[in-house]
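Enquirer:
Number of protein chains: 2
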Amino acid sequence: MSEKIKRQTTLKQIIELNRIGKQEDLLNILKQRGFNVTQATLSRDLKELKIGKIPDFDYGYVYALPNANIRKRIKSPDEFSNLGFRSIDVSGNIAVIKTKSGYANSFATIIDELFLDEIIGTLAGNDTILLILKEGATFNDLKRALILNIPELQEFIK
Amino acid sequence: MSEKIKRQTTLKQIIELNRIGKQEDLLNILKQRGFNVTQATLSRDLKELKIGKIPDFDYGYVYALPNANIRKRIKSPDEFSNLGFRSIDVSGNIAVIKTKSGYANSFATIIDELFLDEIIGTLAGNDTILLILKEGATFNDLKRALILNIPELQEFIK
DNA sequence: GGACATAATGAATATTTATACATTTATGAT
DNA sequence: ATCATAAATGTATAAATATTCATTATGTCC
């Protein structure tokens, strides 16, 4: 897993478990965990992860994960171990994911529930999923978003 | 209703209907509507209303209502039980219609039978329909045709 | 009405955060 | 490998926003 992905995964954990109000605090925690980056990088990470800042009753403002991610962490961690993922390719604004026979639907459901901005719709057959990309979204955007949300895919996507 | 409540109500409306990235823009819109306040007051309003700022795909960051408020504006489930229509989006030459679970097929059949010039084919899954647009047909062409034939859709397509 | 308390607001400022620019590092293609 | 391209990051700074402090409005109790 690339350093960036590791850091962003850690970041999600931190924000999930704490109420943090400024990037400076996040930086310190990251530092404790061995990630030495600057505020600028952190700011970019937060943007990529779609982490927002919302008013909190007790504290002023705190960082919060987007709904999609919050939902995702309810799922059992090993749910992804048997996704049946085979490959992903893209042509124009359509991405095609191949899965093991019969796995397309369940995999597509998982993707649906991520509510990714990059995807405007999915369609699953038996072992094939079509992802219709949003206008302007690139293959790389999609891949990054998928890996961000399903880190297990990292090794299968290049 | 006190001036403050009026202003905050207006504020929620504005944020619900627009993608706005900074308080300055909000201030201008408020001004147009007769509310003359400063950025400081606006900042306090946003905090009271628990309005946060979240990353958006196209724009950088946009203000967003807390989840509780967002859910309110979702139409009652039975609103168009006859069709199950949820939303329509387009990317390139493909339009994607989302329906309630299980409704895609019947809705697609209805569309098929309209024999619209703008559509060269449809494909339905469980809750998603793909419409392949004819070369040269725009999203607006499609929307116009759909509304013309299924007036009930009028209010859900903008 | 006047006196007191509380809420609302503005002006100025400190804090926080995004981003332009430059540089380095990784990734692909031939 | 070598070149070309894109991605990742740091530095410095601009942009955006929360807050401090002072002032004005809005009650409410007598």
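Protein sequence lines correspond, in order, to chains A and B.
For the first sequence, my numbering begins at 2 and goes up steadily by one.
For the second sequence, my numbering begins at 2 and goes up steadily by one.
Glycine residues also receive a C-beta, built at the ideal position from the N, C-alpha and C atoms.
1) Is any beta-carbon of chain B found at less than 8 Å from that of I133/A?
2) Let me know if K23/A comes out buried or exposed under the rule of 16 or more other beta-carbons within 10 Å of its beta-carbon.
3) Would you grab the beta carbon distance between L143/A and E119/A for me? Rounded to a whole angstrom, and I think it's under 8 Å.
4) Find out if the Cβ-Cβ distance for the pair L134/A, A109/A is shorter than 8 Å.
5) Could you check whether the region 52 to 61 of chain B touches the region 40 to 59 of chain A, counting it as contact only if at least three pairs of C-beta atoms, one from each stretch, sit closer than 8 Å?
6) Entirely within the region 96 to 147 of chain B and at least 4 residues each: give me those alpha helix (DSSP H) ranges in chain order.
7) Less than 8 Å between CB atoms is the rule here; does I95/B satisfy it with respect to chain A?
8) Taking only the alpha-carbon atoms, compute the straight-line gap between R145/B and D90/B and give it to the nearest angstrom.
9) How about D90/B: is its C-beta nearer than 8 Å to some C-beta of chain A?
10) Tell me which residues share the same chain as L18/B and place their Cβ nearer than 7 Å to its Cβ, disregarding the 5 neighbours each side in the sequence.
11) Quick one: which chain A residues come within Cβ less than 7 Å of T129/B?
12) Which residues, in chain order, does the region 36 to 64 of chain B contribute to contact with chain A at a C-beta distance below 9 Å?
13) G122/B and K162/B - do their beta-carbons sit closer together than 8 Å?
Expert: Working from what's here:
1) yes
2) With fewer than 16 Cβ atoms within 10 Å of its Cβ, K23/A is classed as exposed.
3) 5 Å
4) no
5) yes
6) 105 to 113
7) yes
8) 14 Å
9) yes
10) none
11) Within chain A, the residues placing a beta-carbon under 7 Å from that of T129/B are G122, T123, L124, ordered along the chain.
12) Answer set for the region 36 to 64 of chain B: L47, K48, E49, L50, K51, I52, G53, K54, I55, P56, D57, F58, D59, G61, Y62.
13) No answer is possible for residue 162/B: the residues shown for chain B start at 2 and end at 159.
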